[in-house]
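Data block below; observations after.
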Ligand SMILES: *Cc1c(COP(=O)(O)O)cnc(C)c1O
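In this note's numbering, the protein residues as written are 144 to 524.
Here you go:
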């Protein structure tokens with residue numbers, strides 16, 4: 144089956160009791176047993192829920208994995224992955240990792256003796272010199288936020304295999320429609336489903352997908368043992384969102400390309416970060432490992448002033464000023480004061496994250512209206 148068919152049908156079967164075509168929201172905490180130990184595969188809703196099962200099957204299918212495991216947020220999904228490690232183990236990750244992932248690794252798991260190094264992964268050859276006898280996982284995020292850097296997943300997998308390390312990929316920015324890390328040799332892929340998978344800015348959720356039975360067994364154990372499970376209503380909304388993932392992401396990609404081209408030609412804009420441009424340093428790898436260049440565009444202003452960025456950020460009407468991404472509506476954000484405020488300014492500047500950098504999550508509105516909105520906001524400069 145091809146992607147669009149899987150997005151609509153995988154995991155979803157008519158409800159056995161009524162034939163309802165949509166998986167019902169099984170809003171229950173427990174299940175009645177016929178006799179002690181005699182049940183229908185469902186005992187308690189932290190452990191099993193039919194709405195969640197349908198979603199987990201759907202997620203596994205669209206990521207070309209075999210097992211899907213859902214969590215109550217993206218970070219709860221990463222938390223479960225990190226619980227596969229033991230005290231003394233180490234991980235290697237990218238130096239422009241999502242801030243929340245960085246915080247979880249360093250401030251929470253650091254306390255339990257998990258070591259981590261954060262390196263420039265745009266050159267996979269860089270990785271080898273950081274590998275020690277304690278290294279267990281290589282954590283990739285690609286494209287990254289907000290600089291839209293690209294990591295070559297296949298090249299990292301090659302290094303990892305040589306040292307018997309597992310590769311874990313945060314696939315949130317690409318979505319399973321544009322990139323399938325398991326096909327490129329990664330062991331584990333995870334998502335903040337809050338973003339493209341849900342797609343309507345109304346659910347917070349996370350998921351982990353793998354092909355490995357032994358990893359899946361451990362993750363299901365952690366899901367039940369630690370208990371960060373999503374509720375059935377949220378699972379229903381996620382299933383509904385996934386049905387249009389391919390359509391939404393297609394339109395987002397088309398719109399993002401046009402917005403990026405508009406910004407590149409604008410006299411007040413100094414730089415546009417968009418992997419679809421041939422001049423982007425990750426373009427060739429993005430073209431190779433993705434089915435499109437995504438719906439995210441970041442840009443910088445020529446006069447580099449915070450005050451100018453603020454004028455643009457408060458000057459749009461359609462682009463809403465908010466954190467998050469991947470919804471049907473377009474958002475505008477200011478990484479320096481919003482998502483990346485906790486990173487010291489000197490470190491931010493080193494990677495190009497200036498005070499005037501603006502990040503856009505391009506939605507599925509009509510492109511003419513989006514460009515008109517940006518045009519008017521840039522006129523305020
Ligand atoms: C939002 C996000 C997360 C965290 O997910 P939550 O659902 O907010 O917990 C992780 N990685 C990336 C790339 C994200 O954008």
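Heads up, the beta-carbon is just placed ideally off N, CA and C, and yes, glycines get one too.
Buried or exposed by the 16-neighbour rule on C-beta atoms within 10 Å, applied to residue i
i, result
"residue 451", "buried"
"residue 525", "Residue coverage of the chain in this structure runs from 144 to 524, which leaves residue 525 outside it and unanswerable."
"residue 520", "buried"
"residue 364", "exposed"
"residue 279", "buried"
"residue 152", "exposed"
"residue 206", "buried"
"residue 368", "exposed"
"residue 254", "exposed"
"residue 219", "buried"
"residue 269", "exposed"
"residue 399", "buried"
"residue 516", "buried"
"residue 160", "exposed"
"residue 439", "buried"
"residue 144", "exposed"
"residue 183", "exposed"
"residue 518", "exposed"
"residue 276", "exposed"
Cβ-heavy atom distance, residue i to ligand 1, below 7 Å
i, result
"residue 217", "yes"
"residue 338", "yes"
"residue 243", "yes"
"residue 284", "yes"
"residue 526", "Examination of residue 526 is not possible in this model, given that the chain is present from 144 through 524 alone."
"residue 436", "no"
"residue 335", "yes"
"residue 261", "no"
"residue 288", "yes"
"residue 316", "yes"
"residue 294", "no"
"residue 471", "no"
"residue 299", "no"
"residue 506", "no"
"residue 374", "no"
"residue 347", "yes"
Of the listed residues the options, nearest to residue i (C-alpha basis)
i, options, result
"residue 352", "256, 346, 366, 302", "366"
"residue 396", "201, 261, 317", "317"
"residue 328", "338, 349, 304, 347", "304"
"residue 314", "432, 399, 253, 231", "432"
"residue 405", "514, 155, 185, 179", "514"
"residue 412", "170, 441, 261", "441"
"residue 157", "445, 408, 197, 177", "197"
"residue 346", "370, 384, 312", "384"
"residue 154", "211, 179, 178, 419", "211"
"residue 455", "407, 524, 183", "524"
"residue 446", "437, 436, 420, 500", "500"
"residue 512", "467, 259, 460, 489", "460"
"residue 312", "162, 357, 275, 221", "221"
"residue 282", "390, 430, 262", "262"
C-beta contact flag for residue i and residue j at 8 Å
i, j, result
"residue 289", "residue 491", "no"
"residue 223", "residue 214", "yes"
"residue 228", "residue 320", "no"
"residue 242", "residue 480", "no"
"residue 310", "residue 295", "no"
"residue 392", "residue 339", "yes"
"residue 402", "residue 293", "no"
"residue 194", "residue 166", "yes"
"residue 285", "residue 239", "no"
"residue 462", "residue 449", "no"
"residue 201", "residue 382", "yes"
"residue 344", "residue 508", "no"
"residue 354", "residue 325", "yes"
"residue 376", "residue 164", "no"
"residue 349", "residue 469", "no"
"residue 208", "residue 299", "no"
(message) My parser needs the beta strand (DSSP E) runs of 3 or more residues fully inside the stretch 231-279; what are they?
(response) 233-237, 258-262
(request) Please go through the stretch 163-207 and give each complete alpha helix (DSSP H) segment of 4 or more residues, from N-terminal end onward. (result) 193-205
(message) Extract the residue ranges of the alpha helix (DSSP H) inside the stretch 285-349, only unbroken runs of 4 or more that lie entirely within it.
(response) 296-305
(request) Can you check the stretch 424-450 for any alpha helix (DSSP H) of at least 4 residues that lies completely inside it and give the ranges in chain order? (result) Correct list: 426-432.
(request) May I have a chain-ordered list of the beta strand (DSSP E) segments no shorter than 3 residues that lie completely inside the stretch 351-384? (result) If you keep only unbroken beta strand (DSSP E) runs of at least 3 residues inside the stretch 351-384, you get nothing at all.
(request) Any chance you could list the beta strand (DSSP E) runs of at least 3 consecutive residues sitting entirely within the stretch 476-512, in chain order? (result) 501-504
(request) Mind listing, in chain order, the continuous alpha helix (DSSP H) runs of no fewer than 4 residues lying wholly within the stretch 386-426? (result) Whole alpha helix (DSSP H) segments, 4+ residues: 388-407.
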